[in-house]
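Take the sequence shown: its letter number 64 is residue 63 in numbering that gives the first Met the number 0, and every next letter is one higher.
Every residue gets a Cβ at the ideal spot worked out from N, C-alpha and C, and that includes glycine.
Keep in mind it's a predicted model, so treat the numbers as computed, not measured.
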Amino acid sequence: MSKIIKKINDFFRNAIKKDVDKINSELVLSERQRKIFEMFYLKKQNVDFIADSLCVCKMVVNNELKIIRNKIVRILELEE
0 MSKIIKKIND FFRNAIKKDV DKINSELVLS ERQRKIFEMF YLKKQNVDFI
50 ADSLCVCKMV VNNELKIIRN KIVRILELEE
């Protein structure tokens, strides 16, 4: 797992509602990305469950998560 992913996961593990609301309001996501963001980061559901729920394969969820993380990095101004 990369350092960036660890930093993002740590952020959501320790974030308060105000922090999450700020990130959520600044993210520009497609409808599917929004669902994946909420299911993965807010509801703490795993990739397999998300893929089954959205009727897509795990690779699609992982690719969308990568895009979402890139946007979160820019908002949080994280450096690799």
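- Measuring C-alpha to C-alpha distances from residue 11 to each of 42, 49, 29, 52 identifies 42 as the nearest.
- In the three-state reduction of the DSSP assignment, residue 59 falls in the helix class.
- Secondary structure at residue 37: helix, using DSSP grouped into helix, strand and coil.
- Note that the segment 42-51 does not touch the segment 19-28; fewer than 3 beta-carbon pairs, one per stretch, sit closer than 8 Å.
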